[in-house]
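J.: Residue numbers are given in numbering that gives the first Met the number 0: position 98 of the sequence shown equals residue 97, and the series is strictly consecutive.
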Amino acid sequence: MTPLIQKAVKFVPEPETATWFDIGRLEDLVGQQKVSIDFFMNLPYERTAIAGQDIHGKEFALWLWRSTNYVKVSGCVLDNGGQYFPPYAYTVEGDGLKMFRKDKHVSLDDVKPVHRMLYAVLLKLQVASSGYVGAPQNTFINKKRQAKGKPALSYDWHTVTIEPPKPKLEHQGGSHASPRRHQVRGHWRTYKSGKKSWVKECWKGDASIGTVFKDYKLKEKND
Numbered sequence: 000m001t002p003l004i005q006k007a008v009k010f011v012p013e014p015e016t017a018t019w020f021d022i023g024r025l026e027d028l029v030g031q032q033k034v035s036i037d038f039f040m041n042l043p044y045e046r047t048a049i050a051g052q053d054i055h056g057k058e059f060a061l062w063l064w065r066s067t068n069y070v071k072v073s074g075c076v077l078d079n080g081g082q083y084f085p086p087y088a089y090t091v092e093g094d095g096l097k098m099f100r101k102d103k104h105v106s107l108d109d110v111k112p113v114h115r116m117l118y119a120v121l122l123k124l125q126v127a128s129s130g131y132v133g134a135p136q137n138t139f140i141n142k143k144r145q146a147k148g149k150p151a152l153s154y155d156w157h158t159v160t161i162e163p164p165k166p167k168l169e170h171q172g173g174s175h176a177s178p179r180r181h182q183v184r185g186h187w188r189t190y191k192s193g194k195k196s197w198v199k200e201c202w203k204g205d206a207s208i209g210t211v212f213k214d215y216k217l218k219e220k221n222d
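(1) Beta-carbon separation of Ala48 and Pro12 under 8 Å?
(2) How is the alpha helix (DSSP H) around Lys142 delimited, first residue to last?
(3) Rounding to the nearest angstrom, what Cα-Cα distance links Gly133 and Val120 in this structure?
(4) Please report how far the alpha carbon of Pro86 lies from the alpha carbon of Thr138, in whole angstroms.
(5) Could you check which residue in Ala60, Leu3, Met116 and Lys142 has the C-alpha nearest to that of Phe39?
(6) Among Asp27, Lys103 and Ile4, which has the Cα closest to the Cα of Cys75?
(7) CA-CA distance, Val70 and Lys9?
(8) By how many angstroms is the C-alpha of Leu124 removed from the C-alpha of Asp53?
(9) Are the CB atoms of Met98 and Phe113 within a distance shorter than 8 Å?
(10) Measuring alpha carbon to alpha carbon, tell me which residue in Asn79, Ser106 and Pro2 is nearest Gly95.
(11) Going by other Cβ atoms of all chains shown within 10 Å of its Cβ, with 16 needed for buried, is Ile22 buried or exposed?
(12) Exposed or buried, which one is Thr18 when buried takes at least 16 other CB atoms within 10 Å?
(13) Under the three-state reduction of DSSP, which class applies to Gln136: helix, strand or coil?
(14) Give me the DSSP bridge partner(s) of Thr90.
See below:
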């Protein structure tokens with residue numbers, strides 16, 4: 000776990016339920032191309048948590064909940080004990096995104112600073128980041144806090160390295176053993192026709208021979 004994530008998890012409810020990414024310092028959005036609505040709606044995980052620095056170097060945390068029809072955004076500035084952003088959600092209506100708070104529509108200007116930050120985060124997340132999934136440590140203090148509905152104080156974290164999707168090769172025959180049960184992140188699938196389709200996160204493999212819990216460190220294409 001990176002020092003920035005270690006700092007951020009203290010401000011997030013149930014941090015172990017999210018996949019965490021440390022995206023470092025954000026870049027200025029000047030000159031960035033517009034993206035499709037799918038870019039905002041199809042997050043890699045149902046719960047995605049971000050720790051990073053804005054373009055001025057201020058540390059922040061964002062946590063995103065993806066539902067079937069909307070995405071909820073919350074977050075805070077980590078300096079000065081954590082100054083929380085007013086949460087909002089967005090969904091697709093017609094040909095664009097619509098924002099709302101407490102079931103009331105708001106304008107893009109009302110959420111613009113945080114939404115621009117979200118845009119920059121998602122752009123950077125596509126390239127390379129460090130990702131972590133935590134589990135509360137099996138300690139007396141953690142058990143006592145969880146019994147009272149309080150978050151754990153310590154977690155176990157693990158990291159693996161994955162590469163960007165590679166072209167799928169044609170099956171050449173033969174067979175291989177079924178892999179252990181493992182989680183596959185949400186991703187885009189490109190068909191031979193050129194059409195793209197979003198594949199939701201899911202579990203694959205044989206649970207009877209074990210389960211692999213993953214967090215992610217994305218690898219640059221030119222590595």
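From the three backbone atoms N, C-alpha and C, an ideal C-beta is built for every residue, glycine too.
Small disclaimer: the values here were computed from a predicted structure and weren't measured.
T.: Considering the structure as presented:
(1) Taking the sequence shown and counting its residues from 1, the one referred to as residue 48 is at position 49. Taking the sequence shown and counting its residues from 1, the one referred to as residue 12 is at position 13. Contact: no.
(2) The residue given as residue 142 occupies position 143 in the sequence shown. Phe139 to Ala146 is the extent of the alpha helix (DSSP H) around Lys142.
(3) Sequence index remark: in the sequence shown, residue 133 carries index 134 (1-based). Sequence index remark: in the sequence shown, residue 120 carries index 121 (1-based). Looking at the two C-alpha atoms, the distance is approximately 21 Å.
(4) Locating residue 86 in the sequence shown gives position 87, where the first residue counts as 1. Locating residue 138 in the sequence shown gives position 139, where the first residue counts as 1. Between Pro86 and Thr138, the C-alpha separation is close to 33 Å.
(5) Sequence index remark: in the sequence shown, residue 39 carries index 40 (1-based). That would be Met116, whose Cα lies nearest to the Cα of Phe39.
(6) Translated into positions along the sequence shown, residue 75 becomes position 76. It is Ile4 whose Cα lies nearest to the Cα of Cys75.
(7) Position 71 of the sequence shown, counting from 1, holds the residue named residue 70. Position 10 of the sequence shown, counting from 1, holds the residue named residue 9. Approximately 22 Å, taken between the alpha carbons.
(8) Position 54 of the sequence shown, counting from 1, holds the residue named residue 53. Position 125 of the sequence shown, counting from 1, holds the residue named residue 124. Their backbone Cα atoms lie some 14 Å apart in a straight line.
(9) Indexing the sequence shown from 1 puts residue 113 at position 114. Indexing the sequence shown from 1 puts residue 98 at position 99. According to the sequence as given, residue 113 is Val; it is not Phe. Going by C-beta atoms, Val113 is not nearer than 8 Å to Met98.
(10) Position 96 of the sequence shown, counted from the start, is the residue given in the question as residue 95. The option with the nearest alpha carbon to Gly95 is Ser106.
(11) Locating residue 22 in the sequence shown gives position 23, counting from the first residue. Buried, because 16 or more other Cβ atoms sit within 10 Å of the Cβ of Ile22.
(12) Residue mapping note: residue 18 aligns to position 19 of the sequence shown, counting from 1. So Thr18 counts as buried.
(13) Counted from its first residue, the sequence shown places residue 136 at position 137. Coil at Gln136, not helix or strand.
(14) As a first step, residue 90 is located in the sequence shown; it is residue number 91 there, counting from the start. According to DSSP, Thr90 bridges with Tyr69 and Lys97.
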